[in-house]
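In my numbering, the protein residues as written are 3 to 310.
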């Protein structure tokens, strides 16, 4: 499997199983879908060229895993390929390498890369306007609000089907981590909200939305570093009933990357920006403010400069 992870193109494989696969389909929002499983007796692969960038990191038994991940990212290796190799225990000091569950390898890579990028973003000058970005995919509506201030970040998801949220995030405590919106749609849907945030110095605890939070943070910090600017970022996502099954956190990362490639709208105040957002989402402004710590802070906490 490690050989396959280093190859530049897909190759023919021949797995030999100890018994017929067990019928199972694992669908979660924090990892890619998994199909039938069975014990593996042997595994044969065809031939293909090796990605020298990954091969170099693999054979460097003294290079820390975090440094290997960052080095590969800067050398243009796809994040998904880095995550796959990380999961197979291909990076780090030789004596400390071990297999990592896929869902944790994805989050570890997204988290570590975003932390590195955030260090750079904090030294860039802030933007000088409020910006609103919009992107729609798979019956998900994404909105990004960038604010003219120092780095801070928030990710909030609004699930119109609470049952899908419960099955997508088995680790989420539906009684404690999730908030019910006061909004009820014309079709009778009562969305539930799941979100978390961090300030300029980042966070020390695991975010309640899990892997999606860190995938979103990577996409945002990646974009800000690319334009050499700093900003507050409030990232909002409406998940409508047409999103019938979770496909993994890659969906969030790639959707937000696409979002930042779209034209944005400029505003001179948070209130005007949020009025525009209300025209995009089904949930009204009040519904988002009930959950968003950064929106509440923007509306109700007066800045020191206002007293001058």
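Glycine included, each C-beta is placed from N, C-alpha and C at the ideal position.
Quick check on this structure: which residue in the options has the alpha carbon closest to the alpha carbon of residue i?
{"i": "residue 101", "options": "89, 123, 240, 20", "result": "89"}
{"i": "residue 224", "options": "116, 271, 147", "result": "116"}
{"i": "residue 132", "options": "94, 274, 118", "result": "274"}
{"i": "residue 152", "options": "235, 22, 54", "result": "235"}
{"i": "residue 129", "options": "220, 226, 54, 25", "result": "226"}
{"i": "residue 238", "options": "134, 269, 301, 271", "result": "134"}
{"i": "residue 272", "options": "246, 303, 265, 248", "result": "303"}
{"i": "residue 341", "options": "68, 80, 127, 64", "result": "The chain is shown only over 3 to 310; residue 341 falls outside these bounds and no answer can be derived."}
Assuming the contact rule is C-beta atoms closer than 8 Å, residue i and residue j should be a hit. Round their C-beta distance to whole Å, please.
{"i": "residue 282", "j": "residue 159", "result": "That belief does not hold up - the Cβ atoms of residue 282 and residue 159 are roughly 15 Å apart, past 8 Å."}
{"i": "residue 194", "j": "residue 167", "result": "6 Å"}
{"i": "residue 218", "j": "residue 258", "result": "6 Å"}
{"i": "residue 221", "j": "residue 215", "result": "Contact doesn't hold; Cβ gap of about 11 Å is too wide."}
{"i": "residue 59", "j": "residue 73", "result": "7 Å"}
{"i": "residue 55", "j": "residue 40", "result": "Actually they do not touch by this definition, with Cβ atoms about 33 Å apart."}
{"i": "residue 199", "j": "residue 285", "result": "Not confirmed; about 18 Å, so no contact."}
{"i": "residue 311", "j": "residue 289", "result": "Residue numbering for the chain in the displayed model covers 3 to 310; residue 311 lies beyond these limits and cannot be assessed."}
Could you check where the alpha helix (DSSP H) with residue i kicks off and where it finishes?
{"i": "residue 56", "result": "54-61"}
{"i": "residue 164", "result": "164-170"}
{"i": "residue 221", "result": "213-228"}
{"i": "residue 1", "result": "For the chain, the structure presents residues 3 to 310; residue 1 sits outside this window and is missing."}
{"i": "residue 117", "result": "104-123"}
{"i": "residue 88", "result": "81-89"}
{"i": "residue 76", "result": "67-76"}
Go to residue i, then tell me how far its beta strand (DSSP E) extends in each direction, as first and last residue.
{"i": "residue 239", "result": "234-241"}
{"i": "residue 18", "result": "15-19"}
Look at the alpha carbon of residue i and the alpha carbon of residue j, and state the distance between them as a whole number of angstroms.
{"i": "residue 2", "j": "residue 113", "result": "Only positions 3 to 310 of the chain appear in this structure, which leaves residue 2 out of reach."}
{"i": "residue 150", "j": "residue 232", "result": "8 Å"}
{"i": "residue 277", "j": "residue 157", "result": "19 Å"}
{"i": "residue 297", "j": "residue 179", "result": "19 Å"}
{"i": "residue 57", "j": "residue 24", "result": "34 Å"}
{"i": "residue 212", "j": "residue 104", "result": "14 Å"}
{"i": "residue 109", "j": "residue 70", "result": "16 Å"}
{"i": "residue 263", "j": "residue 46", "result": "41 Å"}
{"i": "residue 306", "j": "residue 299", "result": "Its pLDDT being 47, under 50, residue 306 is placed unreliably in this model, and the value from its coordinates should be taken loosely. Distance between the alpha carbons of residue 306 and residue 299: 13 Å."}
{"i": "residue 97", "j": "residue 294", "result": "44 Å"}
{"i": "residue 119", "j": "residue 78", "result": "15 Å"}
{"i": "residue 170", "j": "residue 143", "result": "18 Å"}
{"i": "residue 82", "j": "residue 252", "result": "8 Å"}
{"i": "residue 61", "j": "residue 141", "result": "43 Å"}
{"i": "residue 266", "j": "residue 147", "result": "10 Å"}
{"i": "residue 187", "j": "residue 75", "result": "42 Å"}
Query - Any beta strand (DSSP E) of 3 or more consecutive residues that is wholly inside the region 236-289 - result: Taking only runs of at least 3 residues, the beta strand (DSSP E) segments lying wholly in the region 236-289 are 267-269.
Query raised in the report: Can you list, in chain order, the stretches of the beta strand (DSSP E) that have 3 or more residues and sit fully within the region 135-212?
Result: The qualifying runs are 142-149, 154-161, 194-200.
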